[in-house]
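**Q**
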Amino acid sequence: MSENQSPMEPIDDIDPDDPYTLTAPLEIQSVLRNIKLSKSLVHVYVLGQEASAITTVLDVDSKENRLIVDSFNDPMVTQQVQRARKLVAQVTLDRIHVKFVCPPLAPCEFEGKPALQAAMPAALSYLQRRDAYRIETPVVNPVICTITLSEDTKTRKVRLPLADISIGGIGLYDEQQLPEHSIGTIYEDCQIALPEVGNLTAALRIQHVTDQTLTNGKTRLRLGCAFVNPSNSAINMVQRYVGRLERELLAKKRGFV
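Here you go:
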């Protein structure tokens, strides 16, 4: 927390007054050490950009008040992360969703290998809700959500790629194909083809909408959508698919793929 920041103000988007937020340094360090011991994958997002990366916690140095994480495989992503003013890190630990704002990362060495370091986070969200955790879906061969639109006496199908998924809902990319993007809009009977899991049918409600500018100068919308009264079978399908993605990411991180 900066000297000019009131103790009652949120620390970026982590609210210190939320009952699920930890602000005591020893509690934060304990959670981070458990993440290290479990070798859980940490998803790091650059806010306001599409850049993201996966890492693991290597060390929680309480004496130097620093967190050390493994270096990233992609040099371009590493540069984006190091230049970023604000990063958000997310990880699941024993089905508990952990989230914290990560201070700027700087290169360092840990046990003779390249690594990244940052000051210890000032606050950490520790929320036991599986639906709070989202995982990015593949960019190559993306997961597709098919939405059927009724227009006068005709129907039209719109196929939109997923950005991410959780049991709470999905993120979609839309290049102005849907007729309505207002928050609260509900699209019924949406079909989501989950690879190696099956076809999921659910109603989607738009929760938030953001504009994104692509590298080619074009713009698209990112729609955050919640499942509306999903069935138990739909939730189970999402859980199986999320578990599959997590196993694939872990295998890539360990060099098995």
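Going by the UniProt record's numbering, the residue at position 130 of the sequence shown is 130; the numbering climbs one at a time, nothing skipped. All C-beta atoms in this analysis are idealised placements derived from N, C-alpha and C, irrespective of residue type, glycine included.
1) What does a CB cutoff of less than 6 Å around Leu160 pick up in its chain, not counting 5 residues either side in sequence?
2) Sort Leu223, Cys225 and Pro25 by Cα distance to Ala123 and report the nearest one.
3) Return the first residue and the last residue of the beta strand (DSSP E) that Pro138 is part of.
4) May I ask you to list the residues that DSSP assigns as paired with Ile192?
5) Along the chain, where does the beta strand (DSSP E) containing Lys113 start, and where does it finish?
6) Our contact map puts Cys102 next to Val88 with C-beta atoms below 8 Å; I'd like the distance itself, whole angstroms only.
7) Would you report the Cα separation of Asn65 and Gln117, rounded to the nearest angstrom?
8) Comparing alpha-carbon positions, which option in Ser62, Asp74, Val143 and Ser38 lies nearest Asp94?
9) Between which two residues does the alpha helix (DSSP H) harbouring Thr78 extend?
10) Less than 8 Å between the C-beta atoms of Leu204 and Tyr187, yes or no?
11) Looking at the structure shown, is Lys157 part of a helix, part of a strand, or coil, going by DSSP?
12) From the DSSP secondary-structure annotation, give me the bridge partner or partners of Ala205.
13) What are the boundary residues of the beta strand (DSSP E) that Glu109 is part of?
14) Hey, out of His208, Gly198, Ile206 and Arg220, whose CA is closest to residue 313's CA?
15) So what does DSSP say about Leu127, is it helix, strand or coil?
16) Can you list the alpha helix (DSSP H) stretches of 4 or more residues lying completely in the stretch 17-56, in chain order?
17) Thinking C-alpha only, which one of Asp70, Leu250, Ile206 and Val57 is nearest Thr185?
18) Going by CA-CA distance only, name the one from Pro230, Val31, Leu32 and Val44 that's closest to residue 301.
19) Consult DSSP for Ala251 and reduce its assignment to one of helix, strand or coil.
20) With burial defined as no fewer than 16 other Cβ atoms inside 10 Å of the residue's Cβ, what is the status of Ile167: buried or exposed?
21) Does Asp164 pass the burial test, meaning 16 or more other C-beta atoms within 10 Å, or should it be called exposed?
22) Helix, strand or coil for Glu3, going by three-state DSSP, please let me know.
23) Gly171 bridges to which residues according to DSSP?
**A** Let me spell this out:
1) Cys145, Leu172 and Asp174
2) Pro25
3) Note, Pro138: premise wrong, no beta strand (DSSP E); not H, not E.
4) Cys145 and Leu200
5) Lys113 to Ala119
6) 7 Å
7) 10 Å
8) Ser38
9) Pro75 to Arg83
10) yes
11) Residue state for Lys157 is assigned as strand, using DSSP reduced to three classes.
12) Sequence inspection shows Arg at residue 205; the Ala mentioned does not correspond to that position. In DSSP, Arg205 forms a bridge with Ile186 and Ala226.
13) Element bounds for Glu109: Ala106 to Phe110.
14) The shown model of the chain, from 1 to 257, leaves out residue 313, and the question about it has no answer.
15) strand
16) 25-38
17) Ile206
18) Given a span of 1 to 257 for the chain in the structure shown, any question on residue 301 remains unanswerable.
19) Helix at Ala251.
20) By the 10 Å Cβ count, Ile167 comes out buried.
21) buried
22) For Glu3, the pLDDT reaches just 34, beneath the cut-off of 50, and the residue's location in the model is therefore unreliable, leaving the point undetermined.
23) Asp164 and Gly224
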